[in-house]
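Undergrad: For reference, each letter of the sequence shown is one residue, going 29 to 824 in this note's numbering.
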Amino acid sequence: MKAILKYKSSYYFPILLFFLSLLLGVSSCSTTKYVGEDEYLLNKVIVKTDDRSVPTSDLKKNIKQKSNLKILGTWRFHLGLYNLSGKDKSKGFNRWLRRIGEEPVIYEDFQTKRSVAQLQLYMRKKGYYNAVIKDSVAFKKKKAKVYYTITANEPYRYRKLYHQLDELPYNFLSPSQKLSEMSDSTLVRGFVNEDKKDTKLKQGKKVDSDVLGEERMRIFKMLKNQGYFNFSREYIHFMMDSTKKDHQMDVFVGLKKPLNEKATKKYRINKVKILTEYDPKLILMNDSIYLSELDTLVHKNVEFIYRNKLKIKPDVILSSILIKKGDLYNLNSVSQSYSRLQQLNQFKFVNINFDEDTKANDDEYGNLNCVIQLSPHNLQFYSFELEGTNSSGNIGFAGNLNYQHKNLFGGAEVLDVQFSTARENVKSSEQTNFSSSEYGIVSKLSIPKFLLPFFDAEKFRKSYNPRTIFSLSYNFQKRPDYTRTIADASFGYFWKSSKYLQHTFNLIELNFVDVKDLSEDFLNDIDNLYIQNSFTDHVIATTRYSVTYNDQNINIPRNYNYLRLSAEVAGNTLKTIDNILGRSKRNDYDSEGNLEGTYHDFLGIRYAQYVKGDIEYRFNQYINRANNMVYRVFFGIGYPYGNLEVLPFEKSYFSGGANGIRAWQARSLGPGSYVDEGATYPNNTADLKIEANLEYRFKLFWALEGALFLDAGNIWAISKKDDRKGADFKFDRFYEEIALGTGFGTRVDLNFILFRLDLGLKLRDPSRVGNERWIIAKRPFKFNQLTFNIGIGYPF
């Protein structure tokens with residue numbers, strides 16, 4: 029045991045020493061080290077307004093000069109790094125510190141005046157035309173604190189909205205705004221009038237130029253979707269009148285007279301041409317060899333231009349394109365076609381162009397030729413990954429060899445195959461070591477269509493662009509306590525019903541679990557018969573559905589939400605078949621040969637019956653480019669019944685580990701207040717799980733990030749057959765059994781992969797009694813109280 033502690037100390041010490049030295053050095057540096065004699069460090073910017081309906085965060089975005097970045101609310105870490113550098117810029121270390129740090133922000137009166145003007149402009153955009161902006165600066169010890177005080181005064185609001193010229197009151201237009209300059213009798217005006225019920229301009233709402241911009245875009249898209257290909261947003265304008273209206277405005281939605289007739293003319297699609305192997309370099313070079321290899325195929329009124337051989341079936345490409353010959357031009361169809369072609373995962377470049385066909389004779393409609401340019405990906409892809417793993421709350425390694433074929437049968441079918449191996453040294457609660465190994469193969473075939481047409485499959489495909497997914501996997505796990513093999517086969521669907529909403533429906537998933545070589549020590553540790561049953565051979569036949577909402581935009585840093593709902597049911601189909609066929613049950617005997625009950629089997633193996641559902645919600649709060657706050661809550665429950673009155677081990681909930689409550693090793697927490705002091709191997713599972721996490725993430729330097737976290741939760745049993753003391757869920761005490769842990773983490777974000785290291789410390793341990801559960805201040809701190817977690821990617 030001493031050897032283990034010595035090893036752990038030697039492992040942590042250099043890392044902790046480096047970070048402590050760096051942090052102490054950064055903290056000790058004066059923030060005004062590189063502030064000149066007649067200069068002041070911009071220490072703080074404070075914006076105050078007397079109108080709470082105006083978000084302070086939005087006002088701060090208009091400040092032209094902001095103070096240096098802070099982490100933990102007060103610490104200018106990046107400025108400290110810069111100040112650690114010496115005055116000799118030529119030295120490499122000084123150069124490096126200045127590059128990863130942040131130069132001090134020196135107060136400038138000119139920038140303050142610009143900020144006042146920008147705040148004034150912003151308040152006017154939001155309807156506060158009489159807002160008063162005042163600034164003041166307080167100087168103290170080489171530091172400046174700037175105050176912006178905003179007196180909003182009464183805002184202007186929309187009184188009446190006009191969409192037609194004949195509705196306008198007398199003298200609404202000034203002499204310079206002649207009626208002859210506006211188009212009030214065209215079909216375009218008719219569409220705007222019919223669509224005014226969806227307007228974003230509402231009577232009584234505050235005047236807001238951003239809302240006016242949204243209304244302009246709404247009208248623009250509406251007309252584009254009606255076939256007006258050449259219509260421009262510049263033709264839409266708004267006229268405002270606030271004369272003698274007591275902080276109110278009348279608004280006329282105006283359409284300028286178009287510069288040419290094409291803007292008010294509808295366009296139809298005349299031809300559709302698809303270049304399946306578009307190479308912009310060879311096209312620009314007018315490469316004769318490339319051009320000579322091009323061939324043309326006409327399929328369903330569409331020209332396919334390909335090189336040597338058409339690698340993807342024409343119908344597969346057409347199923348993702350909503351632009352059809354003879355249809356009116358529609359902006360939504362173009363946008364959706366872009367998205368669907370990219371989701372095929374076949375093309376690295378997609379471009380859709382329209383050219384006006386002047387040769388086509390049509391007095392009523394204009395004609396467009398559509399050219400779709402597609403540059404294909406490489407068909408095959410290989411990768412190898414070597415990473416740390418924490419699958420059981422202990423340090424180990426894992427290696428994955430990945431192979432992908434993006435177009436297996438010529439129909440954009442994507443085949444993924446992964447070979448994996450893992451090994452880890454596991455430390456039990458008694459500080460004894462043992463090793464486990466794991467080998468597996470997973471293959472998945474994704475087909476870009478809905479294979480079982482229970483309904484109008486073509487209509488469903490056009491609306492939701494679904495994929496059918498087949499999966500086969502085999503996993504072998506060797507541990508000192510048992511050996512387990514898991515074979516899995518599944519068939520299901522994936523589709524997106526909107527930009528942020530996606531669905532997964534596994535129609536059938538068969539899971540065969542074979543457990544053998546159970547050690548006597550392990551069986552003695554889990555002498556509860558209910559838990560032992562979860563380690564018997566069994567079959568799981570499930571139907572699972574999940575829906576996920578995620579409004580994250582990876583290109584725009586902002587707040588976003590993530591919500592996942594999942595439900596699954598197992599065994600009912602097999603039980604129904606057994607009842608219909610009248611199949612007899614098998615007898616179930618205990619280890620002493622006594623009859624315990626009866627059960628049905630599938631291929632000679634007992635199958636499980638249960639229902640299970642869970643919900644997870646995350647909220648990522650973007651503070652600034654260096655700080656984020658992430659909130660997460662999770663609730664899940666499974667109820668076993670019928671043929672196997674226990675949740676299978678692999679379907680049960682566990683707590684702790686790198687993605688849960690990080691102060692505990694995986695499967696070592698709970699359930700409830702239950703504790704088994706004699707347990708050698710952490711394998712605690714149960715039927716219900718509640719978890720909440722709070723994580724503050726901040727940028728340090730280079731690719732290094734830091735995190736502070738607070739985790740809470742536990743698992744509980746809901747079956748009456750589980751007689752582990754304190755494991756059952758009770759409404760009058762479950763809140764007393766919430767475990768609480770905290771800690772610090774570091775991440776290395778290399779863009780394509782993120783390595784994570786978390787150190788967790790227990791604050792409240794539900795396995796203890798009464799007041800002893802709060803342990804943070806009741807024991808001396810030692811390094812071996814930290815739980816060390818390695819992970820790939822963020823925990824949530």
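Backbone N, C-alpha and C define an ideal beta-carbon position, used for all residues, glycine too.
Is GLN401 buried or exposed, if buried means 16 or more other CB atoms sit within 10 Å of its CB?
TA: With 16 or more Cβ atoms within 10 Å of its Cβ, GLN401 is classed as buried.
Undergrad: Quick one: using the 10 Å Cβ neighbour count with 16 as the cut-off for buried, is ILE340 buried or exposed?
TA: Burial call: buried.
Undergrad: Using DSSP with H/G/I as helix, E/B as strand and the rest coil, what is THR571?
TA: DSSP places THR571 in strand when its eight states are reduced to three.
Undergrad: Since TYR638 and TYR681 are thought to touch, with beta carbons under 8 Å apart, how far apart are those beta carbons, to the nearest angstrom?
TA: With 8 Å as the limit, TYR638 and TYR681 do not qualify as a contact, their Cβ atoms being about 12 Å apart.
Undergrad: Indicate whether the contact test is met: 3 or more Cβ pairs, each with one atom in the stretch 587-594 and one in the stretch 642-657, closer than 8 Å.
TA: Touching, per the Cβ criterion.
Undergrad: What residue from SER237, SER518, ALA440 has the CA that sits closest to SER471's CA?
TA: Answer by Cα proximity: SER518.
Undergrad: Once DSSP output is grouped into helix, strand and coil, what is the label at LYS299?
TA: LYS299: strand per DSSP, three-state reduction.
Undergrad: Per DSSP, which residues does TYR508 bridge with? Please list them.
TA: The sequence shown places Pro at residue 508, not Tyr. Paired residue(s): none; PRO508 is not in a bridge.
Undergrad: Going by alpha carbons, who is nearest to THR77 out of LEU100, GLU182, ALA166?
TA: The shortest Cα separation from THR77 among LEU100, GLU182, ALA166 belongs to GLU182.
Undergrad: May I ask which residues mark the beginning and end of the alpha helix (DSSP H) holding MET151?
TA: Segment 137-153, the alpha helix (DSSP H) holding MET151.
Undergrad: Specify, as a first and last residue, the run of the beta strand (DSSP E) that THR59 falls within.
TA: Per DSSP, THR59 belongs to no beta strand (DSSP E) and is neither H nor E.
Undergrad: For LYS154 and LYS234, which I take to be in contact (beta-carbon distance under 8 Å), what is that distance rounded to the nearest angstrom?
TA: Contact flag correct, Cβ pair sits at about 7 Å.
Undergrad: Under 9 Å between the Cβ atoms of ASN4 and ASN395?
TA: Here the chain has residues from 29 to 824 only, and residue 4 is not among them.
Undergrad: Find the nearest neighbour of ALA735 within the set MET657, SER499, GLU644, PHE662, judged by alpha-carbon distance.
TA: ALA735 has its Cα closest to that of MET657, out of MET657, SER499, GLU644, PHE662.
Undergrad: Do you know offhand how far LEU87's Cα is from ARG261's?
TA: Cα to Cα, LEU87 sits roughly 28 Å from ARG261.
Undergrad: Which ranges does the beta strand (DSSP E) cover as unbroken runs of at least 3 residues, wholly within the stretch 732-786, from first to last along the chain?
TA: As far as the stretch 732-786 is concerned, its whole beta strand (DSSP E) runs of at least 3 residues are 732-744, 767-777.
Undergrad: So the candidates are PRO585, GLY688, THR815; which of them puts its Cα closest to the Cα of ASN655?
TA: Of PRO585, GLY688, THR815, the residue nearest in Cα terms is PRO585.
Undergrad: Helix, strand or coil for GLN432 per DSSP?
TA: The answer is strand: DSSP assigns GLN432 an E or B state.
Undergrad: Should the stretch 687-700 be called in touch with the stretch 752-771, which here means at least 3 C-beta pairs below 8 Å?
TA: In short, these stretches touch, since the Cβ pair count reaches three.
Undergrad: Taking 8 Å as the cut-off, is the C-beta of LYS119 nearer than that to any heavy atom in the ligand ATP?
TA: As far as ligands go, the structure on display features none, and thus does not contain the ligand ATP.
Undergrad: I want to see whether chain D comes within less than 9 Å of ILE340, judged by CB atoms only; does it?
TA: Absent here is chain D; the protein component of the structure consists of one chain.
Undergrad: Measuring alpha carbon to alpha carbon, tell me which of ASN607, LEU535, VAL174 ends up nearest ARG572.
TA: Among ASN607, LEU535, VAL174, the Cα nearest to that of ARG572 belongs to LEU535.
Undergrad: When DSSP builds the beta bridges, which residues end up paired with LYS472?
TA: Bridge partners of LYS472: ASP444, SER499.
Undergrad: DSSP on LYS206, reduced to helix/strand/coil?
TA: Unreliable placement is indicated for LYS206, whose pLDDT of 48 sits below 50; the coordinate value is still reported in the next sentence. Here LYS206 sits in coil by DSSP.
Undergrad: Thinking C-alpha only, which one of LYS169, PHE121, ILE178, TYR135 is nearest LEU149?
TA: That would be ILE178, whose Cα lies nearest to the Cα of LEU149.
Undergrad: So, are the CB atoms of ILE804 and ASP739 less than 9 Å apart?
TA: Not in contact: ILE804 and ASP739 (Cβ atoms no closer than 9 Å).
Undergrad: Between the Cα of GLY114 and the Cα atoms of ARG126, LEU107, ARG104, PHE105, which residue gives the shortest distance?
TA: Looking at the Cα atoms, ARG126 is the closest of the given residues.
Undergrad: In terms of residues, what are the limits of the alpha helix (DSSP H) holding GLY120?
TA: That run of the alpha helix (DSSP H) goes 120-128.
Undergrad: Assign PHE682 to one of three DSSP states: helix, strand, or coil.
TA: Residue state, collapsed to three classes: coil.
Undergrad: Between ARG784 and ILE820, how many whole angstroms is the CB-CB distance? I'm expecting something under 8 Å.
TA: The pair is a contact, with the Cβ atoms about 7 Å apart (cut-off 8 Å).
Undergrad: Which residues in the same chain as VAL686 place their Cβ atom closer than 8 Å to its Cβ, once the five residues preceding and following it in sequence are excluded?
TA: Just to set this straight, residue 686 is Ala in the shown sequence, not Val. Cβ neighbours of ALA686 beyond the five flanking positions: ASN418, GLY421, ALA694, ARG784, ASP786, ASN817, ILE818, GLY819, PRO823.
Undergrad: Could you check the C-alpha separation between PHE504 and ALA515 for me, to the nearest Å?
TA: One C-alpha to the other measures close to 9 Å.
Undergrad: Along the beta strand (DSSP E) that carries TYR110, what are the first and last residues, could you check?
TA: That residue, TYR110, is in no beta strand (DSSP E); its alpha helix (DSSP H) goes 105-112.
Undergrad: Comparing C-alpha positions only, which one of ASP629, ARG634, LYS527 sits nearest to ASN581?
TA: ASN581 has its Cα closest to that of LYS527, out of ASP629, ARG634, LYS527.
Undergrad: Starting from ASP238, follow the beta strand (DSSP E) in both directions and report where the run begins and ends.
TA: Unbroken run through ASP238 is the alpha helix (DSSP H), 237-252; no beta strand (DSSP E).
Undergrad: How is the alpha helix (DSSP H) around THR601 delimited, first residue to last?
TA: Here the alpha helix (DSSP H) through THR601 covers 600-609.
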